[in-house]
Each structure stands twice: as structure tokens, then as C-alpha cells.
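Worksheet for the structure shown next.
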Amino acid sequence: MKIEVLYPEVCCLYGDKSNMDYLKLCMPECEMVYTSLTDEPRFVYEPVDMIYLCSMSERSQELVLERLMNYRNVLRLLIDEQRCVILAVGNAMELFGTYIQKEDGEKIEALGITSTYAVRQKPKRFNSLTLLEMDDMTLVGYTTRFSHSYGLEKQDALFRVVRGSGINPECDLEGVRKGKFFATYTVGPILVSNPDFTHFILSQMGAETESLAFEKEAREAYELRLKDIRAARELLQ
Numbered sequence: 435m436k437i438e439v440l441y442p443e444v445c446c447l448y449g450d451k452s453n454m455d456y457l458k459l460c461m462p463e464c465e466m467v468y469t470s471l472t473d474e475p476r477f478v479y480e481p482v483d484m485i486y487l488c489s490m491s492e493r494s495q496e497l498v499l500e501r502l503m504n505y506r507n508v509l510r511l512l513i514d515e516q517r518c519v520i521l522a523v524g525n526a527m528e529l530f531g532t533y534i535q536k537e538d539g540e541k542i543e544a545l546g547i548t549s550t551y552a553v554r555q556k557p558k559r560f561n562s563l564t565l566l567e568m569d570d571m572t573l574v575g576y577t578t579r580f581s582h583s584y585g586l587e588k589q590d591a592l593f594r595v596v597r598g599s600g601i602n603p604e605c606d607l608e609g610v611r612k613g614k615f616f617a618t619y620t621v622g623p624i625l626v627s628n629p630d631f632t633h634f635i636l637s638q639m640g641a642e643t644e645s646l647a648f649e650k651e652a653r654e655a656y657e658l659r660l661k662d663i664r665a666a667r668e669l670l671q
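At position 200 of the sequence shown (counting the first as 1) the number is 634 in our numbering, and the numbers step up by one without a gap.
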């Protein structure tokens with residue numbers, strides 16, 4: 435197995451690099467490739483099993499987009515043909531939409547792989563605890579961001595929102611799913627916080643395992659967090 439982590443020098447907010455640290459513990463034999471902004475991505479010239487992008491500043495978003503636009507067709511092919519898992523968390527999700535609208539109204543062209551578009555509202559930060567459902571799973575997490583996304587088609591949604599906000603405050607859907615491409619505003623980090631979702635991602639990679647690293651402890655922490663979020667929801671009702 436080979437996982438490529440893109441641009442860790444700028445994609446490094448909210449502890450989300452820990453998602454890959456955790457997968458490495460779950461798969462010690464896996465090769466982790468860390469691609470910097472000055473490197474050509476490994477996925478361009480050789481197969482990888484997973485590509486990972488996580489949260490970054492708004493200025494870094496524009497820099498990362500400049501780099502990725504050179505490989506837009508390759509990324510589209512990887513997604514359309516489901517050649518590997520791609521996981522994008524936090525505002526990395528916005529890179530794959532049609533555009534990002536800045537505070538002054540200027541629109542930055544994005545990769546155009548999904549139907550969504552993002553609208554920044556900086557300096558207004560949006561924070562929310564989230565309780566999400568996917569198939570037979572319930573996930574815990576939170577969002578912290580300066581933007582909302584719009585234009586999500588219902589059939590392309592990754593999660594249904596039980597508590598908190600979706601990709602925008604008027605939407606009860608969150609994240610985008612297209613084959614083996616998964617994108618979500620949820621940070622946490624999402625894999626460390628949600629053992630069932632981690633099992634799911636590993637299965638999508640063809641790396642199923644009976645037990646995750648520290649799974650007992652991860653499930654205990656998950657149950658406590660689930661209880662806290664449900665209790666907070668009841669207080670607000």
C-alpha cells in the first residue's frame with residue numbers, strides 16, 4: 435500500500451495530519467509519501483492507493499490550487515476510474531469544486547471535479563459540533579471554517595447531518611462522495627475519532643483489517659464524544 439500526503443508544509447491545520455499518522459499505525463507496512471509544493475506529485479507517474487489533503491489557510495488554498503491545476507486531468511481520471519481513494523478534509527474539499535469566491539467577490543477557479551462552489555465570509559469564522567450519518571454509521575466531529583459551500587447534488591452527498599450544520603447553514607447534507615473520492619468539512623481528526631469510518635476507508639483501499647491500532651481506546655473515546663454531542667443537542671432543543 436502507498437499513501438501520498440499532499441503539501442504537508444501548508445496543509446497542517448486542526449491536527450488533521452494525525453489522520454495519516456493513525457493509518458500508518460494501522461498499516462505499518464504502508465509506504466507514506468509526503469509531497470511538498472516544489473515536488474511533482476507521485477500520483478502523476480505511478481500508482482498510489484490513497485491521496486490525502488487536509489485543512490490549510492485561505493492563502494495556502496490559492497497556492498495549492500495553482501499547483502493542482504497542472505494535474506486536474508489526472509485527478510479527474512483517478513476519480514472517474516476509481517483508481518485510488520482520495521480523502522480531502524476541512525477546506526481542502528473546496529479545491530475540487532467549481533470555484534472559490536473571495537470576500538471581495540472575486541472568483542478563483544477550482545478543479546471543477548464536483549458541482550459545489552465555496553463562498554468565503556472571512557473574518558466571520560463558523561464553528562459547529564457535528565453528528566453525521568452515512569449508511570449504517572454515525573460519525574462525530576466538528577467544523578471550523580471561514581466559508582460555506584453550495585451547489586451540492588443530493589445524490590453526491592457523503593453524510594446526512596443529524597446535529598450541527600451541513601456544507602452551509604441551510605443544508606442538512608455534508609461532504610461529497612464520488613466513487614472513491616470523499617471530501618468533507620469535518621475535522622477532528624475524522625479517522626482517529628471514528629473507527630467505523632476508518633474501517634470503511636481501509637476497505638475502499640483494499641486494506642481491510644480485523645482490528646485498528648488502539649481500536650478499544652478509539653471506540654471508548656468515540657462513545658464518550660457521541661454521548662457529549664447528543665447531550666449538547668438535547669440542551670439546545
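Ideal Cβ placement from N, Cα and C applies to all residues, glycine included.
- When secondary structure is reduced to three states using DSSP, VAL595 falls in the strand class.
- The residues VAL574, SER627, ASN628 and PRO629, in chain order, have a CB closer than 8 Å to that of TYR656 in the same chain once the five nearest residues on each side in sequence are set aside.
- Runs of beta strand (DSSP E) with 3 or more residues, each lying fully within the region 578-634, are found at 581-584, 591-597, 607-612 and 615-618, listed in chain order.
- At the C-beta level, ALA617 and ALA522 come within 9 Å of one another.
- Rounded to the nearest whole angstrom, the CA to CA distance from MET461 to GLU540 is 43 Å.
- A buried status is given to ARG554, since no fewer than 16 other beta-carbon atoms sit within 10 Å of its beta-carbon.
- According to the DSSP assignment, ASN453 belongs to the alpha helix (DSSP H) that extends over 452-460.
- Annotation: SER645 is outside any alpha helix (DSSP H) and is labelled neither H nor E by DSSP.
- Per DSSP, the beta bridge partners of THR469 are LEU440.
- The three-state secondary structure of ALA544, taken from DSSP, is coil.
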